[in-house]
Amino acid sequence: MTHWPLPRWPGSYPLALIIALLALVPVGVLMGLASDEAQLFDAHNLRVLSNTLLLMAFTVLGSILIGVPLALLTAYVQLPYRKLWLITLAAPLAIPSYIGAFTLYAAFGCGGEIENLLGFPAPALDGLVGATVVMTLYSYPFVMLTTRASLLSLDVSLVNAARTLGMPLAACLWRVVLPRVATGIAAGGLLVALYTLSDFGTPAIMRLDTFTRVIFVEYNAFGLSQAAMLSLQLMVIVGFVLFLESRVRGSRERPGGHLTLWPGPGQKLFIAAAVAPVTGLAIVLPLLVFGIWLLREGTGGFEFNYAWNSVHASLLAAVFAVLLAIPVAHAAIAGRAGRLMERVTYFGFGVPGIVMGTALVYLGLQLPFLYQTLALLVFAYVLRFLPLAVGSIRATAEGLDPSLVKAARLLGAGPREAFLRVTMPLTLRGMVAGAALVFLEAMRELPATLMLGPTGFETLATYLWRVYEAGYFGRAAIPGLLLVLMSALGLALMLSGERRAEFDVTENHRS
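If you're matching positions, the sequence shown starts at 4 in the numbering used here and goes up one per residue.
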């Protein structure tokens with residue numbers, strides 16, 4: 004009788020499976036919490052749905068209208084200090100959108116900082132228009148960067164052929180270039196859609212009733228059941244956008260020579276004038292407002308233990324996220340089942356912070372030893388940002404030479420020893436990068452921190468929110484500038500190391 008050995012799972016699979024199941028905890032909690040009494044399709048809910056979808060659609064449209072021309076500019080136009088242009092135009096990613104919303108709301112309107120500075124009022128910025136302007140200013144870099152990456156992968160030969168046949172440059176860009184980067188534009192637009200759906204601070208500050216703002220209102224009114232129902236509705240929309248994002252495929256065109264455009268002095272001035280309003284509103288004005296508040300109010304009531312609280316919680320989240328990401332990343336490399344487990348963990352990144360907070364608040368109520376503890380807050384951070392660590396570690400591990408592990412095994416090392424002495428040290432770079440990304444994102448997280456933070460536990464983000472609610476805008480200068488600084492470090496990390504290849508295709512191709 005022949006005995007066939009059972010297939011043996013890789014050692015990383017059991018832990019990866021447990022972690023994947025943990026990532027599904029918020030969904031199960033929300034489904035159990037949402038009762039039949041919660042209203043699903045009343046007039047208020049339909050208005051919230053329409054506001055959310057309109058904000059998403061207008062933001063995606065605005066981001067494409069700004070991001071695509073800027074992608075063409077940074078990819079093809081030979082300007083002085085090209086890298087500086089790219090960094091400047093990508094810089095809005097270094098400012099959390101709620102900080103932009105806060106400063107723009109305070110600057111515009113009657114009695115705003117613009118009127119105080121110039122003597123005449125600027126139009127008020129709130130509602131759907133204000134939220135759209137803010138979200139567009141801080142999300143267009145997603146479209147710009149994905150489109151730029153696609154543009155740099157194109158061969159210029161078709162454009163040259165069209166120009167030889169007499170087609171004007173503008174028509175070449177419209178009819179030859181842009182159709183070939185449609186997937187890059189779509190990928191950026193879907194990222195913008197996800198960012199808009201998950202954002203809480205901007206709609207709340209601009210007083211626009213979207214899902215995220217109304218969920219927070221229901222939570223504060225102890226309407227957890229209705230908040231759960233709204234969260235599930237929002238997750239359905241997010242899930243649909245994630246499905247669309249998974250269907251977008253990158254360009255498979257073989258790269259060749261790149262299009263190069265040399266503007267004249269007058270054209271350079273026109274480009275600078277066209278770009279100035281975007282950078283002025285997204286970067287210069289918020290920093291100027293914070294500078295005015297800092298000169299006017301000094302440090303105000305700010306205590307530096309708020310910064311320590313942010314660092315402490317974020318550092319814990321980074322450490323635990325990396326520890327959990329290691330088995331998931333190696334399981335994803337080991338086989339198809341592992342890749343499925345990895346995809347499940349990515350679900351947490353698609354769940355808005357307000358939704359994660361609603362689910363874990365209820366979980367904390369059922370488990371009193373967890374309610375309003377730092378452990379529950381760190382758990383929320385880990386669930387949300389675990390994919391950042393997984394992706395970084397996996398990218399590093401996939402680049403390792405498998406012969407090194409095989410050599411260690413041949414020399415008598417067991418699987419665990421080979422992992423600890425060979426694989427782990429070689430993936431340390433990815434672990435550090437993943438931990439840094441989790442740390443920086445946790446520092447910026449607002450809604451989950453508001454809902455899950457222990458009593459009296461203020462972070463930079465929550466302190467900023469408290470002074471907004473209290474109307475003491477001047478006290479926001481220190482936490483706002485510190486958050487911008489930390490976010491700028493995250494942007495620098497994204498534009499360096501392994502990620503730098505996405506932005507420097509032209510230079511690498513020439514070399």
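Even glycine gets a Cβ: it sits at the ideal position worked out from N, Cα and C.
Own chain partners of residue i with C-beta closer than 6 Å, once the 5 adjacent residues on each side are dropped
i: Leu235; result: Leu33 and Ala37
i: Ser317; result: Phe442, Ala445 and Met446
i: Val184; result: Thr150, Ser153 and Leu154
i: Leu89; result: Thr77
i: Asn163; result: none
i: Ala2; result: The question about residue 2 has no answer here: the residues shown for the chain are numbered 4 through 514.
i: Ala93; result: Pro144
Three-way DSSP call (helix, strand, coil) for residue i in this model
i: Leu154; result: helix
i: Gly122; result: coil
i: Val441; result: helix
i: Val180; result: helix
i: Leu82; result: coil
i: Leu245; result: helix
i: Leu264; result: strand
i: Gly112; result: strand
i: Phe305; result: coil
i: Thr186; result: helix
i: Phe203; result: coil
i: Pro171; result: coil
i: Arg210; result: coil
i: Ser15; result: coil
i: Ala127; result: coil
i: Leu449; result: coil
i: Tyr374; result: coil
i: Thr139; result: helix
i: Pro280; result: helix
Exposed unless 16 or more other CB atoms sit within 10 angstroms - verdict on residue i
i: Leu488; result: exposed
i: Gly133; result: buried
i: Ile22; result: buried
i: Leu121; result: exposed
i: Glu401; result: exposed
i: Leu177; result: Here residue 177 turns out to be Trp, not Leu, going by the sequence shown. By the neighbour-count rule (16 or more Cβ atoms within 10 Å), Trp177 is not buried but exposed.
i: Ser53; result: exposed
i: Gly114; result: exposed
i: Val287; result: exposed
i: Ala60; result: exposed
i: Leu298; result: exposed
i: Tyr84; result: exposed
Other residues of its chain near residue i: CB distance less than 7 Å, five sequence neighbours each side excluded
i: Val63; result: Gly192, Val195 and Ala196
i: Val251; result: Thr186, Ala189, Ala190 and Leu193
i: Tyr396; result: For clarity, residue 396 is Ile in the given sequence; the question names Tyr instead. Only Ala328, Ile329, Ala332, Thr430, Gly433, Met434 and Gly437 meet the Cβ criterion.
i: Val292; result: Thr106, Ala109, Ala110 and Glu116
i: Val381; result: Ala316, Leu319, Ala320 and Phe323
i: Val217; result: Val51 and Leu233
i: Ser100; result: Val137, Met138, Tyr141, Asp202, Gly204 and Thr205
i: Arg342; result: Ala335
Same chain only: Cβ atoms within 8 Å of residue i, ignoring 5 sequence neighbours per side
i: Val322; result: Ala438
i: Arg166; result: Leu172 and Cys175
i: Glu300; result: Gly477, Arg478 and Ala480
Contact test: residue i Cβ vs the ligand HEM heavy atom, cutoff 7 Å
i: Val393; result: Looking at this structure, you won't find the ligand HEM or any other ligand, since it has none at all.
is_contact[residue i, chain D] using C-beta, thresh 8 Å
i: Ala164; result: Of the protein chains in the structure, only one exists, and it is not chain D.
**4-residue-minimum alpha helix (DSSP H) runs that sit fully inside the segment 339 to 372, ordered along the chain** = 339 to 348, 350 to 353 and 356 to 369
**Message:** Assess contact between the segment 262 to 282 and the segment 79 to 87, defined as three or more Cβ pairs (one per stretch) separated by less than 8 Å. Is contact present?
**Reply:** Yes, the segment 262 to 282 touches the segment 79 to 87.
**Prompt:** Below 8 Å, can you find three or more Cβ-Cβ pairs linking the segment 185 to 196 to the segment 131 to 149?
**Reply:** Taking a cut-off of 8 Å for Cβ pairs, the segment 185 to 196 and the segment 131 to 149 touch, as three or more such pairs fall below it.
**Asked** Using 8 Å as the threshold, is the segment 223 to 242 in touch with the segment 164 to 177, meaning 3 or more CB pairs across them?
**Response** no
**contact_flag[the segment 379 to 393, the segment 15 to 32] where n(CB pairs < 8 Å) is 3 or more** = yes
**Request:** Mind listing, in chain order, the continuous alpha helix (DSSP H) runs of no fewer than 4 residues lying wholly within the segment 17 to 67?
**Result:** Annotation: the segment 17 to 67 contains the following complete segments of the alpha helix (DSSP H) (minimum length 4 residues), in chain order: 28 to 36.
**Request:** State whether the segment 468 to 477 contacts the segment 344 to 361, with contact taken as three or more CB pairs (one from each stretch) at a distance under 8 Å.
**Result:** no
**Message:** I want to know whether the segment 350 to 370 touches the segment 237 to 245 - three or more CB-CB distances under 8 Å.
**Reply:** Because the criterion of three Cβ pairs below 8 Å is met, the segment 350 to 370 and the segment 237 to 245 touch.
**Message:** Three Cβ pairs or more, each shorter than 8 Å: is that satisfied between the segment 203 to 218 and the segment 355 to 375?
**Reply:** yes
**Asked** Where are the alpha helix (DSSP H) runs, 4 residues long or more, that stay fully inside the segment 453 to 501, in chain order?
**Response** 463 to 473 and 480 to 497
**Prompt:** How about the segment 65 to 78 and the segment 149 to 162: do they share at least three Cβ pairs that are nearer than 8 Å?
**Reply:** Between the segment 65 to 78 and the segment 149 to 162, the count of Cβ pairs shorter than 8 Å is three or higher; the stretches touch.
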